[in-house]
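In the working numbering, the protein residues as written are -5 to 208.
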């Protein structure tokens, strides 16, 4: 086998491992990513799988990084073209609700589940989760601040409070969908967002473009 073909095959194998890891972690948690389980699922040897990642922790980090790419594709990119401020904030909420409602990850939002696993721990996996959540909060709060500057939200609006409440709505939605199978939960989440955020002004209130298929 030529070096080029060998490298391409290694990349494909790594992709298979990461894809399966994301799906499995959403169902069974990041701790469910055991080398033996993944090797059996993918028809690989344990040593072959370890050759790609070295440690379970490296595999968990790779799964979270891939999940972030999927979340960006499904939630942020379809809404990113909306007018900055209230219109984009509402567009993001719409795609965020849709992402959960459509079950992009088979076991629900991987990030919600991972925070429950790692919120009381220390180490690189928790550190990565904190950075990922921090970056998302920053993105949301930036649009809240823009909405305040534009007069779309009251001048005394606390951006961190708005983001806190949006997180509460979306995490509750994930819980209702995954634990209770509540088919009305997405509608409740949309009504909760409507109570928190006024309608976006003018033509920028148009719906975001549909996300790419999974």
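Virtual Cβ for every residue (Gly too), placed ideally from N, Cα, C. Quantities reported herein were computed from a predicted structural model and do not represent experimental measurements.
N- and C-terminal bounds of the alpha helix (DSSP H) containing residue i
i, result
"residue 126", "118 to 143"
"residue 107", "104 to 112"
"residue 211", "Because the chain in this structure spans residues -5 to 208, residue 211 falls outside the shown range and cannot be described."
"residue 148", "Looking at the DSSP string, residue 148 is not in any alpha helix (DSSP H), and its letter there is neither H nor E."
"residue 78", "Careful: residue 78 lies outside any alpha helix (DSSP H) and carries neither H nor E."
"residue 51", "50 to 65"
"residue 115", "Element bounds for residue 115: n/a, residue is neither H nor E."
"residue 187", "179 to 190"
Straight-line gap, residue i to residue j (C-alpha atoms, nearest Å)
i, j, result
"residue 89", "residue 113", "26 Å"
"residue 3", "residue 142", "51 Å"
"residue 120", "residue 40", "25 Å"
"residue 125", "residue 151", "25 Å"
"residue 94", "residue 149", "32 Å"
"residue 171", "residue 163", "12 Å"
"residue 165", "residue 157", "12 Å"
"residue 23", "residue 15", "10 Å"
"residue 0", "residue 48", "19 Å"
"residue 179", "residue 194", "23 Å"
"residue 77", "residue 140", "10 Å"
"residue 27", "residue 146", "45 Å"
"residue 226", "residue 189", "There is no way to answer for residue 226, as the model of the chain reaches only from -5 to 208."
"residue 183", "residue 115", "30 Å"
"residue 38", "residue 46", "11 Å"
"residue 186", "residue 105", "21 Å"
"residue 63", "residue 85", "19 Å"
"residue 111", "residue 123", "11 Å"
"residue 25", "residue 18", "10 Å"
"residue 168", "residue 87", "13 Å"
"residue 109", "residue 191", "26 Å"
Local conformation of residue i per DSSP, three classes
i, result
"residue 153", "helix"
"residue 198", "Reliability fails at residue 198, whose pLDDT of 41 lies under 50, so the model's placement of it is uncertain and no value is given."
"residue 14", "helix"
"residue 162", "helix"
"residue 176", "coil"
"residue 171", "helix"
"residue 72", "helix"
"residue 193", "coil"
"residue 9", "helix"
Closer than 6 Å: residue i CB and nearest the ligand MG heavy atom
i, result
"residue 159", "With respect to the ligand MG, the structure offers nothing, as it holds no ligand at all."
Below-7 Å beta-carbon distance, residue i vs any chain B residue
i, result
"residue 149", "Checking the listed chains, one finds no chain B in this structure; it contains a single protein chain."
Taking contact to mean 3 or more Cβ pairs, one atom from each stretch, closer than 8 Å, check whether the segment 96 to 103 and the segment 123 to 142 are in contact.
Here the segment 96 to 103 makes no contact with the segment 123 to 142; the two share fewer than three CB pairs at distances below 8 Å.
The segment 6 to 13 contacting the segment 47 to 59, beta-carbon criterion three pairs below 8 Å:
A contact exists between the segment 6 to 13 and the segment 47 to 59.
For the segment 65 to 85 against the segment 23 to 34, are there 3 or more C-beta pairs whose distance is under 8 Å?
Because the criterion of three Cβ pairs below 8 Å is not met, the segment 65 to 85 and the segment 23 to 34 do not touch.
Starting from the N-terminal side, write out each stretch of the alpha helix (DSSP H) that is 4 residues or longer and does not extend beyond the segment 16 to 46.
Within the segment 16 to 46, the runs of alpha helix (DSSP H) at least 4 residues long that lie entirely inside it are, in chain order, 29 to 36.
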